[in-house]
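Here the sequence shown stands for residues -1 to 259, numbered as in this note's numbering.
In this text, a Cβ means the ideal position worked out from N, Cα and C, and glycines have one as well.
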Amino acid sequence: MSRTTIRIRQLSVQFEGADGEFQAVSNVDLAVHPSEFVCILGPSGAGKSTLLRVMAGVLAPTEGTITVQRDDGPERRWSPDDPSPTRALVFQNSNLLPWMSALENVTLPLRIRGVSKAEAEARALDWFGRVGLRGVENEWPETLSGGMAQRVAIARALIQEPELLLLDEPFGALDSLTRDTLTLELMRIWEEARPSVVMVTHSVFEAALSADRILIFSPPPGRITADVRIDLPRPRSSELRYDREFLDLTRRLRALIGAAG
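Below, the structure is given as structure tokens:
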């Protein structure tokens, strides 16, 4: 369970391109509270993935600050090499290492930290059960379906017990049925582990079903044009798609995306 609040203030990111500078993100202010599930919606190229990479510590912002505050302790400036809060990032493609079995992929983060093979495998087998993949531990990535590979990637992320889970369109490459199934699985796992989550998605349904808050991004340079709190009770199910309040919410979100430009 996360115990850390992350605050982003006046964050901007620029890149140098062949045609000069390109501003991907502009003056973003954001707070992610402990165990909060935040989704980001917006058009392609709006800087959503760029923001996730900054939060993951793999990309430095051009301007702005990130601070962290654990429990009621002091707020302090965060840097990419800061070990706290612990973070894990899942991409649209699973990025499994093809020369490793599914089990070896999941145990890799623990083995890098020096955890014994026996302990790492025991913890990994527990996660295979939790993501519904018992029996495929010794399979090679090339033999797994897209949905199965993404479950392995999620297990690899969550075995690290991150306080902050960053999801960059994790189900975007999957068919709609598999996507809906994995969205519900992710929600179930999140209810158990309770990390803070920031997820980029293009699916209004997925965001409305999952999130405590939804941020609407404008076209580039990306900025937050709306911050919508979702008060639907949990646990949630796909049956919400037939609920009038839920349908009104999705219509409102689509209108906000349209108004953002």
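Query                                                                                                                                    : Result
Three-state class that DSSP yields for methionine 98 in the structure shown                                                              : coil
Sequence-distant residues of the same chain with beta carbon closer than 7 angstroms to threonine 105, five excluded per side            : Ala118, Glu119 and Ala122
Phenylalanine 13, buried or exposed, once every other Cβ within 10 Å from all chains shown has been counted against 16                   : exposed
Beta-carbon contacts of leucine 57 that lie in its chain and below 6 angstroms, excluding the five residues immediately before and after : Arg51
Cβ-based burial, threonine 2 [other Cβ within 10 Å; buried from 16]                                                                      : buried
Counterpart residues of aspartate 166 in DSSP-defined beta bridges                                                                       : Val198
Short Cβ contact (8 angstroms threshold) for glycine 214 with isoleucine 255                                                             : According to the sequence displayed, residue 214 carries isoleucine and not glycine. The answer is yes: Cβ separation under 8 angstroms.
Sequence-distant residues of the same chain with beta carbon closer than 6 angstroms to valine 226, five excluded per side               : Ile212
Straight-line gap, glutamate 234 to arginine 186 (C-alpha atoms, nearest Å)                                                              : It is arginine, not glutamate, that sits at residue 234 in the sequence shown. When rounded, the distance between both Cα atoms is 9 angstroms.
Distance between beta carbons of proline 218 and alanine 44, contact taken as under 8 angstroms                                          : 6 angstroms
Minimum C-alpha distance to arginine 192 - residue among Thr176, Glu167, Leu207 and Leu162                                               : Leu162
Segment contact, 8 angstroms Cβ cut-off, at least three pairs: the region 124 to 136 with the region 88 to 97                            : no
Expected contact under 8 angstroms - CB spacing of glutamate 73 and leucine 9 to nearest Å                                               : That belief does not hold up - the Cβ atoms of glutamate 73 and leucine 9 are roughly 16 angstroms apart, past 8 angstroms.
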